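Chemist: Here it is: the structure, laid out below.
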Amino acid sequence: MPSIYDRIGGTPAITAVVDDFYRRVCADADLAGFFARVDLDRLKARQVEYFSTVLGGPAVYTGASMRQVHRGLGISRRHFDRVVRHLVAALTVAEVPGELVDEIVAALAPLARDIVVPRAPRSGLGRSGSRIWVWSSTFGATAGR
Ligand code: HEM
């Protein structure tokens, strides 16, 4: 069975899809801010390498890990899903068959673990008489003074 990389049309097809993908992402008001100060030509080149590598083509990716690259950007699950939706649109317009699009989405879905920041635990301060206490949904209530 040929790789997804080969079935999609190799580097030329991935380059075209990545170009259209970032056009869509940067036209999305909810996402554009993330990319405002990014060198897009460099990012697109890395993304072509990354997709080629994860889709079973030559392992040419030269960038850092997904966790390192996206650290501190504050990407939520909603942002992640919107980005994936733009990728699906770019693949569909490039006439990549639906089953292949599904396979690509399935290959990328687990990356959310490294890209999306975990939801901040809910916490707060409470007061009862003279005692002040701190509560947190992750650690349970901790009595303090
Ligand atoms: C399927 C999901 C994603 C993949 C495979 C992916 C992949 C990549 C790759 C390969 C790079 C370049 C790394 C490098 O420069 O060495 C990158 C950078 C970047 N990504 Fe993602 N990404 C994904 C999702 C997202 C999402 C959801 C956002 C924000 C909404 C995002 C925002 C960025 C930004 C802002 C950079 C540039 C960081 C910088 O140069 O400082 N990415 N991503």
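In terms of the numbering used here, the sequence shown opens at residue 1 and continues consecutively. Quick reminder that beta carbons are idealized off the backbone N, C-alpha and C, glycines included. Fair warning: this is a prediction, and the values are worked out from it, not measured in the lab.
1) Buried or exposed for Q68, going by 16 or more other Cβ atoms inside 10 Å?
2) If I'm right that R77 touches A112 with Cβ under 8 Å, what's the distance once you round it to whole angstroms?
3) Is I115 near the ligand HEM - that is, is its Cβ less than 6 Å away from at least one heavy atom of it?
4) Quick one: what does DSSP say A143 is sitting in, helix, strand or coil?
5) How would you write the range of the alpha helix (DSSP H) that Y61 sits in, first residue to last?
6) Beta-carbon separation of V48 and I75 under 7 Å?
7) Can you look up A94 in the DSSP assignment and give me helix, strand or coil?
8) Find the nearest neighbour of S3 within the set E103, P110, P118 and A109, judged by alpha-carbon distance.
9) With a threshold of 6 Å on Cβ separation, who are the neighbours of G10 within its own chain once the five nearest residues in sequence on each side are excluded?
10) Report all residues from its chain with a CB closer than 7 Å to the CB of V17; omit the five preceding and five following residues, and keep chain order.
11) Could you have a look at M66 and say whether DSSP puts it in helix, strand or coil?
12) Expressed to the nearest angstrom, what Euclidean distance is found between the alpha-carbon atoms of V88 and R37?
13) Note down the Cα distance separating L55 from T62, rounded to an integer number of angstroms.
Modeler: The structure says:
1) As a position in the sequence shown, residue 68 is number 68, starting the count at 1. Exposed, since its Cβ has fewer than 16 Cβ neighbours within 10 Å.
2) Within the sequence shown, numbered from 1, the residue matching residue 77 stands at position 77. Within the sequence shown, numbered from 1, the residue matching residue 112 stands at position 112. Right, the Cβ-Cβ distance comes to about 7 Å (below 8 Å), so this counts as a contact.
3) Sequence index remark: in the sequence shown, residue 115 carries index 115 (1-based). I115 Cβ: within cutoff of the ligand HEM.
4) In the sequence shown, the residue the question calls residue 143 occupies position 143. With a pLDDT of 47 at A143, under the threshold of 50, the modelled position of that residue is not reliable, and no figure is offered here.
5) Taking the sequence shown and counting its residues from 1, the one referred to as residue 61 is at position 61. Neither: Y61 is in no alpha helix (DSSP H) and is coded neither H nor E.
6) The residue given as residue 48 occupies position 48 in the sequence shown. The residue given as residue 75 occupies position 75 in the sequence shown. No, Cβ-Cβ distance for V48 and I75 is not below 7 Å.
7) Here residue 94 refers to the residue found at position 94 when the sequence shown is read from its first residue. Note: A94 maps to coil in three-state DSSP.
8) In the sequence shown, the residue the question calls residue 3 occupies position 3. Among E103, P110, P118 and A109, the Cα nearest to that of S3 is on E103.
9) By one-based count along the sequence shown, residue 10 stands at place 10. Hits under 6 Å: none found.
10) Working through the sequence shown from its first residue, we reach residue 17 at position 17. A90, L91 and A94, listed in sequence order.
11) On the sequence shown, residue 66 is found 66 positions in, with the first residue counted as 1. Helix at M66.
12) What you label residue 88 is simply residue 88 of the sequence shown in a count that begins at 1. What you label residue 37 is simply residue 37 of the sequence shown in a count that begins at 1. In a straight line, the C-alpha of V88 is about 25 Å away from that of R37.
13) For the purposes of this step, residue 55 is taken as the residue at position 55 of the sequence shown. For the purposes of this step, residue 62 is taken as the residue at position 62 of the sequence shown. Near 15 Å, if we compare the C-alpha coordinates of T62 and L55.
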